[in-house]
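Student: I am attaching a structure below and will ask some questions about it afterwards.
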Amino acid sequence: MIQFPVGTLRPSMRILSDEQVVAIHRAAMEIMNSYGMQVQDEEALQIFRDAGAIVEKDRVKLPAYMVQDALNSAPTRVVLSNQKGERSLFLEEGKTYFGTGSDTIYTIDPENGERRRVEVKDIGNFAKVSDALPNISFIMSMGNPIDVPSELVYMYEFAQMVKNSNLPIVFCSDSGPDTEKIWKMAAAVYGGDEQKLEQNPFLLHYVEPVSPLKFNRTSVQKILTGAKHNIPMSFPSGANAGSGAPITLAGAMAMGIAESFFGLVLQQLVRKGAPFVFGPNVSVMDQRTTVVSYGCPEWALTQGAVTDMGRFYNLPTWAYAGSTDSKRVDAQAGIESTFSVFAAMACRSNLVHDVGYIEYGTTSSLEQLIMANEVIDMARFFMNGIDVNDNTLALDVINRVKDQSTFLMDDHTLENFKTAQWYPKLLDRQNYPAWEKGGSLTMEDRLSKEVNKILSNYQPEPKSNDVLTKIDQILDAGL
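Residue numbers (my numbering): 1 to 479.
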């Protein structure tokens with residue numbers, strides 16, 4: 001029937017027109033060139049000064065050519081491996097990967113459902129569950145544990161992620177020296193081979209400036225240490241509209257881009273070609289509650305717009321999805337996380353974090369993580385579009401079955417039913433009697449059951465004893 005190949009349209013979405021992209025870019029350039037950034041570190045001030053920036057006391061203004069030079073030297077494509085050294089995440093046009101978030105204060109206890117402070121065991125549980133979920137492609141810590149020395153928090157987080165998963169890791173650190181220690185732990189996974197880790201990294205460094213337009217010494221030192229080792233970096237500002245940034249989304253985006261680019265320029269001045277993932281976090285502070293929202297449509301909108309800007313700059317992009325402002329995994333959580341997942345997928349953002357957050361990013365939830373995994377699977381099916389070919393048009397099948405009552409028993413159905421439809425794992429499609437017979441389980445019941453099943457039965461591929469011993473030695477020494 002079909003006489004020529006028919007390509008499959010993969011649904012996608014843009015937020016900004018070409019004219020809007022240019023206008024936001026020009027505004028960001030004006031901020032960098034005319035207003036500048038307060039840089040609270042003498043070493044960074046000297047680096048900027050030597051490279052030709054305008055330095056007035058602690059305020060740095062970037063000429064346009066410095067920004068363009070940094071964009072020219074930053075890779076247009078970033079590849080992250082898993083911890084086994086297998087290239088896994090290809091941050092390029094059309095590729096979207098989802099992962100967890102980082103520094104929550106609270107978590108929902110998987111045994112009793114109570115909200116409590118994060119403990120170090122929770123970091124391991126989130127890493128383990130993430131490793132078991134097919135649509136979670138990288139991990140972050142999902143909390144700051146209260147039961148370890150505060151000066152070693154990020155080292156303990158990294159150790160737990162390594163011990164309980166083989167996925168790529170996006171990590172946070174406390175300082176330049178802390179970053180160096182985590183680098184040593186990461187190298188231990190590769191048998192101490194730092195050159196291999198530089199060339200084939202399984203980690204990405206998450207660093208933030210302080211909005212509005214402040215670059216503190218801690219962030220500077222983390223960037224300098226990361227650049228020395230060629231660690232891929234994301235430098236998203238928290239340019240939240242109505243608090244750290246203008247209440248209007250375009251202004252918040254322009255300022256967030258300017259802040260992010262100060263990090264890019266410093267990184268590229270220290271190490272040309274160091275991998276960089278672009279994208280400020282532009283949410284809103286609710287003017288009634290003063291909460292920075294993790295379930296609002298504005299953040300879904302700006303992350304799509306940031307992806308448009310990333311295409312303009314030819315950089316891979318950072319985004320968020322799968323989180324909620326709700327305090328429980330309820331209908332609100334389902335609505336908000338589904339909306340953000342579909343937005344990230346449709347806009348083709350690259351590296352999408354914060355899956356599993358509830359309570360506006362204050363609390364982590366294994367149930368929310370598992371529910372979002374199902375939503376991501378649904379969104380992937382939708383975004384793959386509809387294949388049109390002789391087999392899927394099925395004209396011969398229609399002709400064969402036209403005088404019968406159903407296609408159910410036809411060979412074509414048997415041959416295609418596994419791939420032609422999407423089958424949920426947790427969403428309920430049973431008839432009512434079957435649902436009752438199975439215990440009348442709600443979505444929350446099913447999620448809790450799945451959490452316990454994974455924690456009880458799943459075992460990630462273990463690291464060697466040599467690797468685990470070296471990591472424990474680094475932890476014990478605080479080195």
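Cβ atoms here follow ideal geometry from the backbone N, Cα and C, with glycine treated the same way.
Taking the Cβ atom as the reference point for each residue, do Ile105 and Thr290 lie within a distance shorter than 8 Å?
Tutor: Going by C-beta atoms, Ile105 is not nearer than 8 Å to Thr290.
Student: Going residue by residue through the segment 312–344, where are the continuous beta strand (DSSP E) segments of at least 3 residues, counting only ones entirely within it?
Tutor: Within the segment 312–344, the complete beta strand (DSSP E) runs of at least 3 residues are 318–320.
Student: Suppose the cutoff is 7 Å on Cβ atoms and the five residues either side in sequence are ignored; what does the same chain contact list for Gly478 look like?
Tutor: The answer, listed in chain order, is Leu152.
Student: Leu204: which of Ile31, Val170, Pro145 sits nearest, CA to CA?
Tutor: Among Ile31, Val170, Pro145, the Cα nearest to that of Leu204 belongs to Val170.
Student: Would you decide whether Lys425 is buried or exposed? Buried here means 16 or more other CB atoms lie within 10 Å of its CB.
Tutor: Lys425 comes out exposed.
Student: Are the C-beta atoms of Ile335 and some chain D residue less than 8 Å apart?
Tutor: Included in the structure is just one protein chain, with no chain D present.
Student: Using the rule of at least 16 other Cβ atoms within 10 Å of the residue's Cβ for burial, across every protein chain shown, is Arg348 buried or exposed?
Tutor: The residue is buried, with at least 16 neighbouring Cβ atoms inside 10 Å.
Student: What are the complete beta strand (DSSP E) segments, minimum 3 residues, inside the segment 368–437?
Tutor: Entirely contained in the segment 368–437, not one beta strand (DSSP E) run reaches 3 residues.
Student: Among the candidates Met155, Gly191, Gly310, whose CA atom is the shortest distance from the CA of Ser464?
Tutor: The candidate whose alpha carbon is nearest that of Ser464 is Gly191.
Student: Between the C-alpha atoms of Ala239 and Pro212, what's the straight-line distance to the nearest angstrom?
Tutor: Going from the Cα of Ala239 to the Cα of Pro212 covers about 7 Å.
Student: Identify which residue in Pro168, Ser365, Phe215, Arg14 has its Cα closest to the Cα of Phe48.
Tutor: Among Pro168, Ser365, Phe215, Arg14, the Cα nearest to that of Phe48 belongs to Phe215.
Student: Using DSSP with H/G/I as helix, E/B as strand and the rest coil, what is Tyr35?
Tutor: Note: Tyr35 maps to helix in three-state DSSP.
Student: Do you know how far the Cα of Ala241 is from the Cα of Glu298?
Tutor: Glu298 and Ala241: Cα-Cα distance of roughly 9 Å.
Student: Which partner residues of Met233 appear in the DSSP bridge assignment?
Tutor: Answer is His205, Phe276, bridged to Met233.
Student: Does the count of Cβ pairs from the segment 162–181 and the segment 127–140 closer than 8 Å reach three?
Tutor: Contact holds: three or more Cβ-Cβ distances are below 8 Å.
Student: Can you list, in chain order, the residues of its chain with a C-beta nearer than 6 Å to that of Gly273? Leave out the 5 residues immediately preceding and following it.
Tutor: Once the five neighbours on either side are set aside, the close Cβ partners of Gly273 are Ser73.
Student: Using 8 Å as the Cβ pair cut-off and three pairs as the minimum, do the segment 243–254 and the segment 39–46 touch?
Tutor: Short answer: they don't touch.
Student: Beta-carbon within less than 8 Å of Arg14's beta-carbon, same chain only, minus the 5 sequence neighbours each way: which residues are those?
Tutor: Taken in chain order, the residues that qualify are Gly304, Asp308, Cys347.
Student: Are Gln83 and Phe278 closer than 8 Å when you measure CB to CB?
Tutor: Result no, Cβ atoms of Gln83 and Phe278 do not sit closer than 8 Å.
Student: Per DSSP, Ala70 is paired with what?
Tutor: Ala70 pairs with nothing; no bridge assigned.
Student: Return the first residue and the last residue of the beta strand (DSSP E) that Ile123 is part of.
Tutor: That residue, Ile123, is in no beta strand (DSSP E); its alpha helix (DSSP H) goes 120–132.
Student: Mapping DSSP to helix, strand and coil, what is Ala258?
Tutor: Three-state result, Ala258: helix.
Student: Could you spell out the range, first to last residue, of the beta strand (DSSP E) harbouring Leu351?
Tutor: Looking at the DSSP string, the run of the beta strand (DSSP E) that includes Leu351 is 351–353.
Student: Quick check on this structure: which residue in Gly176, Leu427, Val265 has the alpha carbon closest to the alpha carbon of Met32?
Tutor: Measuring from the Cα of Met32, the nearest candidate turns out to be Val265.
Student: Specify the secondary structure class of Leu481 as computed by DSSP and reduced to three states.
Tutor: Since the first and last residues shown for the chain are 1 and 479, residue 481 lies out of range.
Student: Assuming Ser340 contacts Tyr320 (C-beta within less than 8 Å), just tell me the rounded distance between them.
Tutor: Contact flag correct, Cβ pair sits at about 7 Å.
Student: Looking at C-alpha atoms only, which residue of Ser150, Phe407, Thr8, Met37 is the closest neighbour of Ser237?
Tutor: Considering only alpha carbons, the answer is Met37.
Student: Whose CA, out of Ile474, Gln473, Asp476, Val467, lies closest to the CA of Asn164?
Tutor: When only C-alpha atoms are compared, the closest one is Val467.
Student: Which residue comes first and which comes last in the alpha helix (DSSP H) that contains Ile454?
Tutor: Unbroken alpha helix (DSSP H) run through Ile454: 443–457.
Student: Thinking C-alpha only, which one of Asn135, Ala254, Asp69, Val39 is nearest Arg26?
Tutor: Answer by Cα proximity: Ala254.
Student: Would you call the segment 126–135 and the segment 438–454 touching, i.e. three or more CB-CB distances under 8 Å?
Tutor: Enough Cβ pairs lie closer than 8 Å, so yes.
Student: Take Gly295 as the anchor and find which of Glu359, Leu441, Phe158, Gly310 has the nearest alpha-carbon.
Tutor: The candidate whose alpha carbon is nearest that of Gly295 is Glu359.
Student: Just to confirm, is the Cβ distance from Ile136 to Val352 under 8 Å?
Tutor: No.
Student: Is Glu436 closer than 8 Å to Ile108 when the C-beta atoms are compared?
Tutor: Not closer than 8 Å, so no.
Student: Please state whether DSSP places Ile182 in a helix, a strand or coil.
Tutor: If DSSP states are grouped into helix, strand and coil, Ile182 belongs with the helices.
Student: At the level of alpha carbons, what is the spacing between Ala28 and Tyr458?
Tutor: Using only the alpha carbons, I get a separation of about 47 Å.
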